[in-house]
Structures are given as structure tokens and as C-alpha cells.
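A short worksheet on the structure shown next.
Protein chains: 4
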Amino acid sequence: MKLTILIHCPDQSGIISSVTHFVHEYKGNIIYLDQHVDKEAGVFFMRLESEFENEIDISFFKQSFEKNLAQNYKMKWSLHRDGEKPKMAIFVSKYNHCIYDLLSRYHSGELLVDIPFIVSNHQDLKYIADQFQIPYYHIPVTKQTKTLAEEKQLELLKEYNVDFIVLARYMQILSSKVIDVFPKRIINIHHSFLPAFAGAKPYHAAFERGVKIIGATSHYVTAELDAGPIIEQDVTAVSHSHSIKDFISKGRDLEKIVLSRAVQLHVARKTIVYNNKTVIFS
Amino acid sequence: MKLTILIHCPDQSGIISSVTHFVHEYKGNIIYLDQHVDKEAGVFFMRLESEFENEIDISFFKQSFEKNLAQNYKMKWSLHRDGEKPKMAIFVSKYNHCIYDLLSRYHSGELLVDIPFIVSNHQDLKYIADQFQIPYYHIPVTKQTKTLAEEKQLELLKEYNVDFIVLARYMQILSSKVIDVFPKRIINIHHSFLPAFAGAKPYHAAFERGVKIIGATSHYVTAELDAGPIIEQDVTAVSHSHSIKDFISKGRDLEKIVLSRAVQLHVARKTIVYNNKTVIFS
Amino acid sequence: MKLTILIHCPDQSGIISSVTHFVHEYKGNIIYLDQHVDKEAGVFFMRLESEFENEIDISFFKQSFEKNLAQNYKMKWSLHRDGEKPKMAIFVSKYNHCIYDLLSRYHSGELLVDIPFIVSNHQDLKYIADQFQIPYYHIPVTKQTKTLAEEKQLELLKEYNVDFIVLARYMQILSSKVIDVFPKRIINIHHSFLPAFAGAKPYHAAFERGVKIIGATSHYVTAELDAGPIIEQDVTAVSHSHSIKDFISKGRDLEKIVLSRAVQLHVARKTIVYNNKTVIFS
Amino acid sequence: MKLTILIHCPDQSGIISSVTHFVHEYKGNIIYLDQHVDKEAGVFFMRLESEFENEIDISFFKQSFEKNLAQNYKMKWSLHRDGEKPKMAIFVSKYNHCIYDLLSRYHSGELLVDIPFIVSNHQDLKYIADQFQIPYYHIPVTKQTKTLAEEKQLELLKEYNVDFIVLARYMQILSSKVIDVFPKRIINIHHSFLPAFAGAKPYHAAFERGVKIIGATSHYVTAELDAGPIIEQDVTAVSHSHSIKDFISKGRDLEKIVLSRAVQLHVARKTIVYNNKTVIFS
Numbered sequence: 001m002k003l004t005i006l007i008h009c010p011d012q013s014g015i016i017s018s019v020t021h022f023v024h025e026y027k028g029n030i031i032y033l034d035q036h037v038d039k040e041a042g043v044f045f046m047r048l049e050s051e052f053e054n055e056i057d058i059s060f061f062k063q064s065f066e067k068n069l070a071q072n073y074k075m076k077w078s079l080h081r082d083g084e085k086p087k088m089a090i091f092v093s094k095y096n097h098c099i100y101d102l103l104s105r106y107h108s109g110e111l112l113v114d115i116p117f118i119v120s121n122h123q124d125l126k127y128i129a130d131q132f133q134i135p136y137y138h139i140p141v142t143k144q145t146k147t148l149a150e151e152k153q154l155e156l157l158k159e160y161n162v163d164f165i166v167l168a169r170y171m172q173i174l175s176s177k178v179i180d181v182f183p184k185r186i187i188n189i190h191h192s193f194l195p196a197f198a199g200a201k202p203y204h205a206a207f208e209r210g211v212k213i214i215g216a217t218s219h220y221v222t223a224e225l226d227a228g229p230i231i232e233q234d235v236t237a238v239s240h241s242h243s244i245k246d247f248i249s250k251g252r253d254l255e256k257i258v259l260s261r262a263v264q265l266h267v268a269r270k271t272i273v274y275n276n277k278t279v280i281f282s
Numbered sequence: 001m002k003l004t005i006l007i008h009c010p011d012q013s014g015i016i017s018s019v020t021h022f023v024h025e026y027k028g029n030i031i032y033l034d035q036h037v038d039k040e041a042g043v044f045f046m047r048l049e050s051e052f053e054n055e056i057d058i059s060f061f062k063q064s065f066e067k068n069l070a071q072n073y074k075m076k077w078s079l080h081r082d083g084e085k086p087k088m089a090i091f092v093s094k095y096n097h098c099i100y101d102l103l104s105r106y107h108s109g110e111l112l113v114d115i116p117f118i119v120s121n122h123q124d125l126k127y128i129a130d131q132f133q134i135p136y137y138h139i140p141v142t143k144q145t146k147t148l149a150e151e152k153q154l155e156l157l158k159e160y161n162v163d164f165i166v167l168a169r170y171m172q173i174l175s176s177k178v179i180d181v182f183p184k185r186i187i188n189i190h191h192s193f194l195p196a197f198a199g200a201k202p203y204h205a206a207f208e209r210g211v212k213i214i215g216a217t218s219h220y221v222t223a224e225l226d227a228g229p230i231i232e233q234d235v236t237a238v239s240h241s242h243s244i245k246d247f248i249s250k251g252r253d254l255e256k257i258v259l260s261r262a263v264q265l266h267v268a269r270k271t272i273v274y275n276n277k278t279v280i281f282s
Numbered sequence: 001m002k003l004t005i006l007i008h009c010p011d012q013s014g015i016i017s018s019v020t021h022f023v024h025e026y027k028g029n030i031i032y033l034d035q036h037v038d039k040e041a042g043v044f045f046m047r048l049e050s051e052f053e054n055e056i057d058i059s060f061f062k063q064s065f066e067k068n069l070a071q072n073y074k075m076k077w078s079l080h081r082d083g084e085k086p087k088m089a090i091f092v093s094k095y096n097h098c099i100y101d102l103l104s105r106y107h108s109g110e111l112l113v114d115i116p117f118i119v120s121n122h123q124d125l126k127y128i129a130d131q132f133q134i135p136y137y138h139i140p141v142t143k144q145t146k147t148l149a150e151e152k153q154l155e156l157l158k159e160y161n162v163d164f165i166v167l168a169r170y171m172q173i174l175s176s177k178v179i180d181v182f183p184k185r186i187i188n189i190h191h192s193f194l195p196a197f198a199g200a201k202p203y204h205a206a207f208e209r210g211v212k213i214i215g216a217t218s219h220y221v222t223a224e225l226d227a228g229p230i231i232e233q234d235v236t237a238v239s240h241s242h243s244i245k246d247f248i249s250k251g252r253d254l255e256k257i258v259l260s261r262a263v264q265l266h267v268a269r270k271t272i273v274y275n276n277k278t279v280i281f282s
Numbered sequence: 001m002k003l004t005i006l007i008h009c010p011d012q013s014g015i016i017s018s019v020t021h022f023v024h025e026y027k028g029n030i031i032y033l034d035q036h037v038d039k040e041a042g043v044f045f046m047r048l049e050s051e052f053e054n055e056i057d058i059s060f061f062k063q064s065f066e067k068n069l070a071q072n073y074k075m076k077w078s079l080h081r082d083g084e085k086p087k088m089a090i091f092v093s094k095y096n097h098c099i100y101d102l103l104s105r106y107h108s109g110e111l112l113v114d115i116p117f118i119v120s121n122h123q124d125l126k127y128i129a130d131q132f133q134i135p136y137y138h139i140p141v142t143k144q145t146k147t148l149a150e151e152k153q154l155e156l157l158k159e160y161n162v163d164f165i166v167l168a169r170y171m172q173i174l175s176s177k178v179i180d181v182f183p184k185r186i187i188n189i190h191h192s193f194l195p196a197f198a199g200a201k202p203y204h205a206a207f208e209r210g211v212k213i214i215g216a217t218s219h220y221v222t223a224e225l226d227a228g229p230i231i232e233q234d235v236t237a238v239s240h241s242h243s244i245k246d247f248i249s250k251g252r253d254l255e256k257i258v259l260s261r262a263v264q265l266h267v268a269r270k271t272i273v274y275n276n277k278t279v280i281f282s
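Protein chains in written order, with UniProt numbering: chain D, 1 to 282; chain G, 1 to 282; chain F, 1 to 282; chain U, 1 to 282.
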């Protein structure tokens with residue numbers, strides 16, 4: 001039996017010692033521990049994986065952890081049991097490279113999630129959902145219908161008990177009505193190395209500026225557009241010889257890899273969000 | 001005898017054929033030819049290196065090229081003879097990593113320039129100029145003395161017949177009085193992947209934003225701050241575990257390599273500036 | 001109408017001038033020209049794209065090119081008309097990441113080929129062929145049946161008039177009987193930065209050696225294992241904290257992207273093989 | 001007062017808890033803790049930085065650590081006090097880029113070491129030693145004089161109480177007579193991404209093989225040539241258009257940065273060597 005514990009709390013002396021001692025008393029063998037201190041903010045972060053030879057009483061463990069450690073150190077913490085598969089909804093529009101990448105990883109057992117459904121404002125990618133036999137909900141979005149559309153989306157998300165959402169090049173901006181229900185649980189891919197070229201048409205803007213490097217950024221969605229906590233970024237070299245079409249084509253490879261990496265990090269409980277930034281454990 | 005020709009002109013059919021034919025008639029053997037067409041702007045760019053078995057009359061070659069080709073195709077062009085060493089002035093402030101990198105390349109014969117002098121608004125780096133036996137002019141700059149300081153700089157630049165200027169982490173903003181005298185001939189290094197984090201304290205801004213990649217950008221200086229044509233960029237990965245101090249330290253390595261690469265490209269006549277962008281030949 | 005011409009021949013003066021003049025006479029507008037001279041080998045390489053306003057007589061153009069240029073300069077050359085889709089066969093074994101990446105690009109129109117069939121020595125990936133509705137031939141290979149299996153493969157390749165083969169993590173070594181029929185037309189992906197870790201289990205060998213970088217290499221297949229001309233390579237950082245399983249997982253992303261890039265370069269006629277090396281045009 | 005502790009020992013339950021508890025009892029505040037378990041080898045590694053408000057008795061701390069923890073867990077461990085500057089000798093031959101990079105970092109206070117002397121088998125770089133006012137010992141090495149030369153080197157190393165040696169493109173192979181005296185304390189830079197192209201002339205071999213990526217590797221020197229534990233590697237892209245001279249020029253930038261990074265990691269006590277591999281703490 002394996003447990004992963006994520007903690008953050010005000011920095012102070014003795015936390016690691018206390019937590020490892022606690023785990024030790026339950027006969028847990030720590031197989032991974034990484035910690036980080038944000039000195040400016042005075043916050044301590046920790047991720048710990050522990051194996052237990054014998055089955056332990058999780059709810060008792062949790063109660064005891066809360067009472068003996070969490071309250072004392074003012075921790076925000078979460079505990080995850082190995083093998084739990086989170087439910088992940090995918091939102092797409094018309095581009096297929098990100099969803100293909102996610103679904104092929106899912107289908108081959110590399111991405112350990114359940115995918116209850118795919119939502120799109122277009123019919124275009126239904127054939128991919130069909131290829132992978134995943135329910136596909138076509139919910140058109142116009143200025144007029146956006147409120148209604150988001151209500152339908154929220155219903156679906158609730159009905160299927162969705163844990164987190166991946167915007168796999170979903171070209172719509174979510175309103176706070178959706179974002180507030182899934183704080184730090186909506187992952188977007190933006191096709192630039194943020195904060196450069198936030199907003200629409202980043203490849204066009206990059207081409208216009210004459211940059212020698214283009215990038216992609218995966219981040220948690222917040223109310224402010226393209227300004228949420230960054231999970232993962234990558235870049236590739238370009239030159240004057242590349243057209244906007246080339247930028248888009250090269251960018252596709254970045255986008256899908258960066259998004260999939262970010263999703264994997266989220267699923268593996270390796271991310272903590274704090275002060276609009278992320279701590280990403282290795 | 002080797003000549004390098006740089007050309008740009010309105011795109012039209014037959015240019016390559018005409019130019020190569022012309023060089024061929026002078027018994028030149030083309031050892032390098034690269035061309036680029038900016039289709040949006042309708043502009044043709046070409047770089048050509050040619051070896052001539054016999055010494056040719058350069059001024060006659062130039063006259064003939066101008067009359068038979070350049071006027072016909074409305075070319076802007078330049079011709080460079082192999083072995084000409086451009087005169088490069090270095091402006092610094094207090095950081096030593098970029099100037100050390102440039103001078104060690106210069107000293108070992110890797111960077112084929114003459115360096116008539118180094119200018120600084122501080123005394124701090126005089127010892128490096130002394131190490132390499134290069135004249136060092138200390139010209140302090142304050143709000144009040146800036147105009148006067150730039151006049152002194154221009155005098156020096158004129159006196160030593162300087163071809164181009166390298167701002168090797170010179171922390172002052174040049175006024176258009178200097179820039180206008182050296183259009184497309186002042187190379188700056190900015191410590192971010194532009195256009196992200198233009199202006200002051202880019203590492204602090206990058207840290208604040210929580211990016212996972214930091215970069216450096218070398219560009220030609222124009223009137224608008226950090227907005228000139230980009231010559232070279234590079235990036236390196238960072239994580240939550242890096243402090244601003246770490247960003248600065250990692251950034252130093254980027255800055256010096258990116259600046260030196262840009263200077264090398266300029267010296268090798270591999271850059272053409274057009275529409276606030278660069279064509280960088282390989 | 002657009003033509004792409006690939007040329008290599010002994011280096012000598014006047015080739016570019018002659019070829020561009022020739023194209024010009026057919027009222028072709030050169031939209032891309034890149035050339036390379038291997039000085040050690042004394043060989044000239046050129047790739048040229050030209051647009052023709054009017055439809056031209058290709059066979060006449062070819063005849064004339066051969067007679068007036070190719071014979072004179074002892075050129076090996078090929079001419080490709082825009083829009084021709086080469087026929088690409090895919091060989092796989094049990095890993096699905098590379099084939100998924102190729103097929104999703106194919107399906108979205110990013111990869112301009114026809115895929116007449118997929119061959120595998122296992123049944124495992126038939127479901128993917130079915131997802132994309134491509135014929136799947138299961139041809140088991142054992143020591144005893146290898147000769148027979150390759151005969152079947154060659155029959156299929158001939159029947160479908162295949163132009164080139166992609167080994168998308170096909171875990172079998174092809175004999176010269178197949179290789180000789182497709183010289184410079186079989187593309188393999190090897191999961192290391194060759195020449196390091198050629199042969200079996202490169203990730204295990206990389207882990208054992210304690211490298212800080214792992215890579216993937218796509219190359220044309222020759223008689224000698226993993227020693228053919230390299231088309232494309234890429235790498236990613238690893239550390240002591242990564243297990244062999246992590247290497248394999250990170251490697252998957254490299255393999256699929258590197259293989260797909262190599263296939264794209266081949267399809268776009270941007271590769272020339274010479275002296276067991278490649279010239280890759282931009 | 002700040003202490004850094006490096007530990008490795010057979011993996012078992014309770015180590016982190018015990019060590020952090022021990023430090024806690026001395027009123028140490030742990031500001032950095034990272035650990036790694038090599039599961040195959042069954043070995044536990046840990047690096048810990050701790051700040052102590054009050055001055056503590058180091059020798060008593062060490063004794064107590066040894067008695068209460070190290071013996072119990074069979075630890076190999078070391079303790080380093082902040083601010084100790086190790087003594088680093090530099091061996092060079094004729095290339096100046098690595099030594100310039102090291103000395104400019106040293107001179108600007110970025111590299112916190114003492115450099116008692118530079119040794120070379122040639123006179124060529126004496127001028128750099130003079131620039132930085134560091135003693136330069138010219139010890140020629142021929143087949144006949146190698147034994148004698150190494151004896152002189154060892155005398156110097158002993159006389160100056162040198163802690164570790166950096167081979168900054170020292171083109172000689174050290175015999176085990178020197179290596180045995182500085183186990184895991186000689187850092188070399190090899191100009192290839194090892195294990196590819198070990199031995200002499202790696203850029204020529206890389207060019208011959210037609211690779212698309214070249215690299216540099218810094219490693220601890222062991223008896224077997226270019227086969228010691230790797231500390232740091234980096235690579236850069238090349239193409240058919242680059243000559244061997246270009247490889248060498250691009251390689252220089254890699255070599256100097258990779259070597260300097262490795263030296264910095266060693267000086268910061270972030271490396272542990274085990275089973276011919278390294279654990280590199282972040």
C-alpha cells in the first residue's frame with residue numbers, strides 16, 4: 001500500500017522531522033521526499049511517498065495526521081492512495097493534435113485517468129471520440145448561448161463527477177462560473193512561451209516580432225486570461241526562413257507534448273499551486 | 001581572394017540567375033549561396049560567398065555590379081572582402097561576464113575584430129581592460145550629464161572610426177543621438193526571452209510570474225527600448241527551487257553566449273535587417 | 001504548377017548559374033534555393049523549388065535538363081511535382097506511440113502520404129489500424145520463418161507499389177534482401193543518440209552508464225545495424241532520480257517526434273543521402 | 001552558521017526521520033533536504049543544509065553524528081561548513097576557452113575556490129595565468145618524462161594542499177599514480193556526449209558519422225579513459241552545413257559551460273559518486 005502526501009504551511013523548524021517521525025510510527029517506509037521553502041513568502045512545501053507493509057486504516061491515519069500535525073503546523077494538505085484514477089474531462093474545438101496525443105497515451109495505459117466524456121463546441125472531432133469510444137458532447141457556443149452552454153457543461157461535469165478538466169486547444173474562454181467550480185483543476189495549453197504573446201494569435205504575433213524561439217505553455221486556468229500558474233513550458237528554435245504556417249506546424253508538436261506532460265504531473269500529484277505559481281516536484 | 005555579397009531587393013524572377021551569372025563571368029566560384037523570400041513583404045534576400053582565383057579590381061567590380069544588376073533590380077547591397085576586421089567598441093557598466101567572454105574570444109583569435117576601446121560609466125571593470133591591454137574610457141552618466149556623456153562617446157567613436165558597438169550589459173539607455181549614427185550597428189543583450197519581460201529587472205519579473213524557462217535575447221538597438229530586430233535568443237530551464245539569485249546566475253551563462261553568437265554573426269556578415277526583423281544566414 | 005529539383009554532382013564552377021538560367025528560360029520563378037558543398041568530398045548539393053505560371057511539359061523538361069545540364073555536370077538528380085503523395089508502409093511491433101503519432105498526423109492531413117498498409121509481427125496493434133481503417137497484415141517472424149516472412153513483406157510492398165518504409169519501433173532486424181530493394185528508403189527510429197548505445201536495450205545501457213541526457217535518432221536503414229545515415233536527432237535531460245522506466249517514458253516522446261520529423265523531411269524531398277551521411281535542406 | 005551534510009548508506013526505513021530529528025535537537029533549521037534511493041543498488045542518498053542560530057561545537061556535532069547515526073546506519077558521510085573555499089588546481093594544455101571561463105568566474109567571485117596554481121605541459125597559456133596573477137608551472141610531458149612530470153605534479157599538489165583538480169582541456173592522460181591520490185576529485189571535460197566518441201578527436205568522428213547533435217561531457221576521472229562518473233552534459237544542434245571547424249567552434253562554448261557547471265556542482269557539495277555514477281542534487 002502506497003500513500004502520497006502533499007503539504008504546504010508556514011515555514012518553521014521541525015516539520016520534516018515531525019512528519020517523517022509520524023509516518024515512521026505507522027511503519028511507513030519513505031520512498032520519496034522532496035521539500036521546498038519559498039523564503040520570500042515564508043512557506044514550506046513537501047511531497048512524500050510512503051510504502052506501508054500492512055494495510056493501514058486510512059481514515060484513522062488522516063484523523064491522526066490532522067490532529068497531531070496539520071493543526072499544529074497550520075498545514076494545507078492532501079493524501080492520495082496509489083491507484084486512484086482521477087476523472088478527466090477534455091474540452092476541444094477543432095484542432096486534433098492535443099486530443100490525439102492525450103487519447104493515445106490514455107489508450108495505451110500511459111495516462112492513468114478515466115475519461116468520462118469529451119466536450120466540444122464543434123462537431124469536427126467527433127470521429128476521434130468515436131475512434132476511442134468515448135462519449136462526445138457537442139455543445140455549441142455563441143455570444144448568446146454561452147451562459148446556457150456553460151450550464152450544460154457544468155451539469156455534465158457534475159453528473160460524471162469530474163475531477164479536473166483539460167482544455168486541449170479549446171478555443172473558448174471559460175467564465176468564472178466554470179473556473180470557480182474547478183479552482184486549480186483546469187489545465188490549459190497556450191501556444192506561446194508565456195508571458196510573451198498572451199491572448200489570440202500568438203504565432204502571428206511571434207512571426208511579426210521576428211523571434212528566434214517559439215514556445216508553448218501549460219497552466220492552470222484562472223480568471224485572468226493566460227495568466228494562471230505555469231505548470232510546464234517548452235520551446236523550439238525558428239528562423240527567418242519559417243513562415244507562420246511553419247510556426248503553427250512546429251508549435252503543434254510543442255503544444256501536445258507540453259500539455260501531456262502537464263497533465264501527467266497533475267495526475268501524479270506532483271503539483272502544488274501557491275501565490276499564482278506552481279511547485280513542481282520531480 | 002574571397003568576396004561576400006549581401007543583397008535585398010523587391011522579389012522578382014531571375015535575380016539568382018543574374019547574380020550567379022555575373023559572378024561567373026568574373027571567374028568567381030560560388031562557395032556559398034543562400035537566399036530567402038519574405039513572401040508577405042515581397043522582398044528577396046541573398047548572401048553569396050565567392051572565391052576568385054585571380055585578384056580582381058574591386059572598385060570596377062562594384063561599379064559594374066551597381067550598373068548592371070543593382071539598379072535594374074533596385075537592390076540594396078554590400079560587398080565585403082575577406083579578412084577585413086571591423087572596429088568594435090564595447091560599452092559596459094559593472095557586470096563582467098559578457099565582456100570577459102568577448103575579450104577571451106578576441107584574444108584567442110576566435111573573434112576577428114579590432115577593439116579600439118571600452119567605454120564605461122563606472123571604473124569597476126577597468127582591471128579587465130588592463131588585463132587585455134585595451135584603452136578604457138570612464139565616462140560617468142547621470143541625468144544631468146547624459147547629453148555631455150553621449151557627446152564624448154560620439155567623439156571617441158568617430159575618432160577611432162568605429163564600425164559597430166556592443167552593449168555588453170551596459171545598463172544605460174542610449175538616446176537617438178547615438179542610435180541614429182549607428183543604425184543596425186549597435187548590438188545589445190537583454191536578459192529575457194523578448195518580448196517577455198522587456199525593460200528593467202527581467203529576472204525579478206520572471207521569478208514573480210513563475211516561468212519554467214528563462215532566456216536571453218541579443219538584438220540591434222532601435223529607438224524603442226528592447227524592441228529592435230532580434231539576432232539571437234536562447235533559453236534554459238528553471239524551476240520553483242531556483243531563487244532570483246539562481247536565475248541571475250543561470251542567466252549570466254545565457255547572456256554571454258547569446259551576445260557572443262550575435263556579435264559573431266554580425267562580424268561574419270550573416271545578418272540583414274529588414275522591417276524590424278533579421279534574416280540570419282547559416 | 002510547382003517543381004522541386006534535387007541535385008548532387010562533382011563540385012565545379014557555374015552549376016548554380018546554369019541551373020537557375022535553365023529554370024528561368026522555362027519561365028520558372030525560383031521560390032527556394034539552397035545549396036551545399038562538401039569540400040572534403042568535392043561534392044555539390046542543391047535543392048530548388050520553382051513555380052511555373054503555365055503548365056509545362058514535364059517529360060520534355062526532364063529530357064532537356066538531362067541533356068543540357070545533367071550529363072554535362074555528371075548530376076544525379078530527381079524531379080518532384082507538387083502534390084504527389086508517396087506510398088508509405090509502416091512496420092510495427094508492439095509499441096504504439098510512434099504509429100499513433102504518424103497516423104494522427106496522416107489523418108489530419110499534416111502528413112501528405114498514402115498508407116496502403118501496416119505490417120506487424122504481432123497482433124497487438126491491429127486495433128489501431130482498425131481505428132484508422134488501414135489494412136493490417138500480421139506476419140509473424142521467428143528465426144525459422146524470417147526468410148518466408150520477408151518474402152511476404154516484399155510481395156506486399158510490390159503489390160501496393162510502396163515508395164518507402166517506416167519502421168515505427170519494429171523490433172526486428174531487416175535482412176539485406178529487403179534493404180536492397182529500398183535503398184535510402186527505409187526510415188528507422190532508434191531510441192538513443194547514436195552512435196551511443198547502438199543495438200538492443202539502449203535505455204538500460206544509458207541508465208547503467210549514468211548519462212545526464214538521453215536521445216533518439218532517426219536514420220535510413222543500411223546493412224549495418226544502427227549505422228545508417230542520420231536524418232534527425234533529439235535529446236532530453238535526465239538525472240539520477242529517473243529510473244529506467246522513466247527513461248523509457250521520456251524516450252517515447254522523443255522517439256515519436258523525431259521519427260515523425262524525419263518522415264516529414266523525407267516526404268518533403270528535403271533529404272539527400274551521400275557517403276552514409278545526409279544533407280537536410282531547411 | 002550553516003552546515004551541509006552529504007550521506008549515503010544502505011537503504012532502510014527511518015533514516016530521514018532520525019537525521020532530521022538529530023539536526024532538530026541541535027536547534028538546526030533545515031533549509032534544504034533532498035534524498036534519493038537507488039532501488040536496484042539498495043542505496044540511500046541524502047543532502048541536507050541546515051542553519052543554526054547559535055554557533056555549535058562542530059567536532060562534538062561530528063562525534064555525536066558518527067556515534068548516534070552513522071555507525072547505526074553504516075553511513076558514509078561528510079560535513080561541510082559554509083564559506084570553506086576548496087583549493088582547486090587547473091591543468092591545461094593549449095586551448096584557452098575553458099580556463100578563461102573558469103578564471104573569469106573565479107575573479108568575479110562567482111566561483112568560490114582558491115586557485116593555488118595552474119599546471120601546463122606547454123608555455124602557451126602562461127599569459128592568462130599572468131593576466132589573473134596565478135602561479136603557472138610549466139611541466140613538459142613526453143613519453144620519456146611522463147613519470148617524472150607526474151611526480152612533480154604530485155609534489156605541487158601536496159605542497160599547496162590541493163583539494164581537487166580540474167582538467168581544463170589538458171590533453172594528457174593522467175596515470176593511476178595521480179588518479180589514485182585524488183579519487184572522485186579530478187574533473188575532466190570531454191568534447192563529446194559520452195559514451196559516444198570517447199578517446200581522441202571526437203569532433204572529427206562526429207563529423208564523419210554525420211550526427212545532427214554534438215555535445216560535451218564533464219566527468220570525474222577514473223582509470224578507464226573517458227569512462228568515469230558523468231557530472232554534466234549538454235548538446236547543441238549541428239547540420240551538414242557545418243564543417244569540422246564549425247563543430248570545434250560550437251563545441252568550445254559547450255565545453256566551457258559544461259565544465260564550469262560541473263565544477264560549481266562539485267564546489268557546492270552537490271555531487272555524490274556511487275557505482276561509477278553520480279547523484280547530483282539540485
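Every residue gets a Cβ at the ideal spot worked out from N, C-alpha and C, and that includes glycine.
Since we're looking at a predicted model, the values are computed, not measured.
Nearest-angstrom Cβ-Cβ length linking residue i and residue j, presumed shorter than 8 Å
| i | j | result |
| --- | --- | --- |
| Arg-81 of chain G | Ile-115 of chain G | Actually they are not in contact, since the Cβ atoms of Arg-81 of chain G and Ile-115 of chain G sit about 20 Å apart, beyond 8 Å. |
| Ile-214 of chain U | Val-238 of chain U | 5 Å |
With 16 other Cβ atoms within 10 Å as the buried cut-off, status of residue i
| i | result |
| --- | --- |
| Gln-131 of chain U | buried |
| Lys-94 of chain G | exposed |
| Ile-90 of chain G | buried |
| Tyr-232 of chain G | According to the sequence displayed, residue 232 of chain G carries Glu and not Tyr. The residue is buried, with at least 16 neighbouring Cβ atoms inside 10 Å. |
| Glu-255 of chain U | buried |
| Asn-96 of chain U | buried |
| Glu-49 of chain D | buried |
| Leu-148 of chain U | exposed |
| Gly-228 of chain U | buried |
| His-204 of chain G | exposed |
Residue i - partner residues in DSSP beta bridges
| i | result |
| --- | --- |
| residue 295 of chain F | Because residue 295 of chain F is not part of the residues shown, which for chain F are 1 to 282, the question remains open. |
| Gly-28 of chain U | U:Phe-52 |
Residue of the options minimising C-alpha distance to residue i
| i | options | result |
| --- | --- | --- |
| Ile-134 of chain D | D:Lys-143, D:Thr-142, D:Ser-104 and D:Glu-155 | D:Ser-104 |
| Tyr-106 of chain G | G:Lys-67, G:Met-75, G:Asn-275 and G:Ser-260 | G:Ser-260 |
Name, going along the chain, the residues of the segment 117-150 of chain U whose beta-carbon falls closer than 8 Å to a beta-carbon of chain F. Against chain F - using a Cβ distance shorter than 8 Å - the segment 117-150 of chain U contributes no residues.
Select from the segment 227-252 of chain F all residues with a C-beta closer than 7 Å to any C-beta belonging to chain U, and list them in chain order. Against chain U - using a Cβ distance shorter than 7 Å - the residues of the segment 227-252 of chain F are Pro-229, Ile-230, Glu-232, Gln-233, Val-235, Ser-239, His-240 and Ser-241.
Closer than 8 Å, Cβ to Cβ, to anything on chain D: give me those residues from the segment 83-99 of chain F, in chain order. Sequence-ordered contacts of the segment 83-99 of chain F with chain D read Asn-96 and His-97 [C-beta pairs closer than 8 Å].
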